[in-house]
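Undergrad:
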Amino acid sequence: MSNDDQLAEQLRRMATRSMERRAAAVDTDAALNDHRVRLDSPHAPDRRDRRWLAAAAAVVVVAAGITAIAWPRDGGNPETDARPLAERLEALGEEPAETLSAPWWRGAVEASPATHFTLDGEEVDAPDLFVVGDVVAVNGLTGFSSNEGPLTADDLVDFNSSDAVIDIVVVTIEVDDGVAENDQPLPDQVDFVLGLPAPTDLMSLEQELSGRVGAILFRTQYLDQTLAGRLDGALYDVLDGYFLGRVQGDEVVFGEFFPPSEFFGVETVRIREIIAGAGDIEMVTRNGEPTRVD
Amino acid sequence: MTESSFEECFREHFPRLVALGESMTGDSGVAHEFAQEAFIRLHDRWDTVSTYERPEKWLRRVMSNLLIDHHRSRTAERRAVERLANRVLRDEVPDRVEPGEWLELVAVLPARQRLIVSLFYGCDLPISEIFEVLGVSENTVKSSLSKARNTLRAEMEQRHVE
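Chain order of the listed sequences is B and H.
Numbering-wise, this note's numbering puts 199 at position 193 of the first sequence, and it's gapless, one number per residue.
Numbering-wise, this note's numbering puts 261 at position 145 of the second sequence, and it's gapless, one number per residue.
(1) Quick one: grab the DSSP three-state call for B/A221.
(2) Can you list the residues of chain B that H/S166 reaches, using a CB-CB cut of under 9 angstroms?
(3) Please confirm whether H/S253 has its beta-carbon closer than 7 angstroms to some beta-carbon of chain B.
(4) Going by other Cβ atoms of all chains shown within 10 Å of its Cβ, with 16 needed for buried, is H/Y168 buried or exposed?
(5) Going by C-alpha distance, which of H/D163, H/R269, H/E124, H/L183 is nearest H/N140?
(6) Return no unless some Cβ of chain H is closer than 7 angstroms to the Cβ of B/A21.
(7) Among all the DSSP beta bridges, which residues are the ones paired with B/P203?
(8) So what does DSSP say about B/D197, is it helix, strand or coil?
(9) Taking the alpha carbon of B/G139 as the reference point, which residue from B/I280, B/R44, B/A221, B/Y242 has its own alpha carbon closest?
(10) So, under 8 angstroms CB-CB, B/D161 and B/F150 are touching, yes? Tell me the CB distance rounded to an integer number of Å.
(11) In whole angstroms, what is the alpha-carbon distance linking H/D240 and B/E214?
(12) Can you tell me whether B/G71 is helix, strand or coil according to DSSP?
(13) Considering only heavy atoms of the ligand FAD, does any lie closer than 6 angstroms to the CB of B/R94?
(14) Which word fits H/N202, buried or exposed, when buried means at least 16 other C-beta atoms lie within 10 angstroms of its C-beta?
(15) Relative to the alpha-carbon of B/V137, which residue among B/G146, B/T148, B/P191 has its alpha-carbon at the smallest distance?
(16) Take the Cβ of B/V299 as the centre, count every other Cβ of all protein chains shown within 10 Å, and call the residue buried at 16 or more, exposed below.
(17) Judging by CA-CA distance, which residue of B/E187, B/T226, B/V163, B/A170 is the nearest neighbour of B/A282?
(18) Going by CA-CA distance only, name the one from B/T226, B/L202, B/D183, B/G251 that's closest to B/S216.
(19) Just to confirm, is the Cβ distance from B/L13 to H/R275 under 7 angstroms?
(20) Could you check which residue in B/P203, B/R19, B/G261 has the C-alpha nearest to that of H/L219?
(21) Does the Cβ-Cβ distance between B/A21 and H/G142 come in under 7 angstroms?
(22) Alpha carbon to alpha carbon, what distance is there between B/D87 and B/F263?
(23) For H/R170, name the three-state secondary structure that DSSP assigns.
(24) Which word fits B/P205, buried or exposed, when buried means at least 16 other C-beta atoms lie within 10 angstroms of its C-beta?
(25) Once DSSP output is grouped into helix, strand and coil, what is the label at B/R112?
(26) Which same chain residues end up closer than 7 angstroms to B/A117 when comparing Cβ atoms and leaving out the 5 residues on each side of it in sequence?
(27) Do B/V6 and B/L208 have their C-beta atoms closer together than 7 angstroms?
(28) So, is H/Q292 buried or exposed, given that buried needs 16 or more other C-beta atoms within 10 angstroms?
(29) Spatial neighbours of B/V142 within its chain, please: C-beta separation below 8 angstroms, excluding the five flanking residues on both sides.
(30) Using only CA atoms, which one of B/E257, B/S210, B/D11, B/M289 lies nearest to B/V272?
(31) Going along the chain, which residues of its own chain have a beta-carbon closer than 6 angstroms to the beta-carbon of H/V178, five neighbours each way excluded?
(32) How long is the line joining the alpha carbons of B/L5 and H/M272, rounded to whole angstroms?
(33) What does a CB cutoff of less than 8 angstroms around B/H41 pick up in its chain, not counting 5 residues either side in sequence?
(34) List the residues of chain H that B/D40 touches, going by C-beta distances under 9 angstroms, in chain order.
(35) Can you give me, in chain order, the residues of the region 227 to 238 of chain H that have a beta carbon less than 9 angstroms from any beta carbon in chain A?
(36) Against H/R132, what residues of chain B qualify as contacts under a CB-to-CB distance less than 7 angstroms, listed in chain order?
Following this line, the structure appears as structure tokens:
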């Protein structure tokens, strides 16, 4: 028997034994009773009646942690989704990460690339860019045919095609102000992505985003890998799916483009303060979790 | 709907789904919850799914998707931590396993690889069925399986040395 065969046999033995033991430990009678109780619960009819397709279907689009529920389609209706961005994202069930809650950055100033976090004395990564500028283009990049499971190149379909469940849109900002991590020079233009329910209406999105915006961004690796060879340059994603806001005077209003959540409200922050960052913030590991030292 | 056949199906496959869930999450409570959810969905579609040659295949697919979704939501919470901390945290470590056990061993694998090796070795599914269950390409399954095997081999060798 080869080494590979021996390994396979050993793995099979371990796996089978473990799963058999765990299956045997299940109290099937109790589980069946529990199942019947659930069927009789008042929530059960809602589950059967709802029109949403693919319940709990989820997808991480561009590593943004977006949980997606397929946009209900009406028998192949070709109409595109022209709702406000917040409603489109809400339809995707996007929930921003909880990084605004303690102990992580508490607002845009702390999330700035100019803020220096240390963890157990070591400098740690910051978001890549805070940029301010005009939205100069909104283009469809690709679609994904799947809304479940980790997406791969196999799931790629044309943007707005009938097979697309999720569309990836690229928003281009002509940068005129901001700050980059480690004082790197700012790019002239930045492309960042949004994952939206397909089929996407680009014109309404472009109208909504037109004008001057501010965004805290990080470089996304996910699409770079998935779309290898199809991208011209770097692609960015909005930090926590939240830090994109309209510029009003010398301030950015974060939150208006996104569905309300218990973690993210509308936050108005001066551009200069974000560029300056929050200085040094120290974190230490306590009980296995990074914790702020305030 | 034939309640007796549904119950039969429940009794036969519920424990296996729980075992699969535990191999992925290391958490019996989470595994039970997702297995229940899978059977609630099966109940809603029993008239159709019961006509399938192998309804358990449908169940495994639902369960796998629930597990991947669960992993994803956990990942979303961890993503910023990883970036901030500039280091990759260990991937969703099962919390109630004995050293040397299968669950502890596969905890070193990324989520999808963990699910694939559990389906392949634990549920004895052929590759052709795994890629149908997970809705990914055959090459993805083969490649994930190969990577997982290499990782597990290295892990086992290291433990043997230690």
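Heads up, the beta-carbon is just placed ideally off N, CA and C, and yes, glycines get one too.
TA: Inspection of the coordinates gives the following:
(1) strand
(2) Chain B residues near H/S166: none, gap ~16 angstroms exceeds 9 angstroms.
(3) yes
(4) exposed
(5) Per the sequence shown, residue 140 of chain H should be read as Met rather than Asn. The shortest Cα separation from H/M140 among H/D163, H/R269, H/E124, H/L183 belongs to H/L183.
(6) yes
(7) B/I172
(8) strand
(9) B/A221
(10) 5 angstroms
(11) 52 angstroms
(12) Here the model assigns B/G71 a pLDDT of 32, short of 50, so the residue's position is not dependable and the matter cannot be decided.
(13) As for the ligand FAD, it is missing from this structure, which has no ligand bound.
(14) In this prediction, H/N202 has a pLDDT of 37, which is less than 50 and means its spatial position is unreliable; what the coordinates show is noted afterwards. Under this definition H/N202 is an exposed residue.
(15) B/P191
(16) exposed
(17) B/E187
(18) B/G251
(19) no
(20) B/R19
(21) no
(22) 16 angstroms
(23) coil
(24) buried
(25) coil
(26) W111, P133, I222, L245, F249
(27) In the structure as shown, chain B starts at 7 and stops at 300, and residue 6 of chain B therefore has no counterpart that could be examined.
(28) Since the displayed chain H opens at 117 and closes at 278, residue 292 of chain H lies outside it and no answer follows.
(29) T178, I179, E180, Q195
(30) B/E257
(31) A154, R157
(32) Chain B is shown from 7 up to 300; residue 5 of chain B falls before or after that span and cannot be answered.
(33) none
(34) H148, Q152
(35) Looking at the structure shown, chain A is missing, and the protein chains on hand are B and H.
(36) A29
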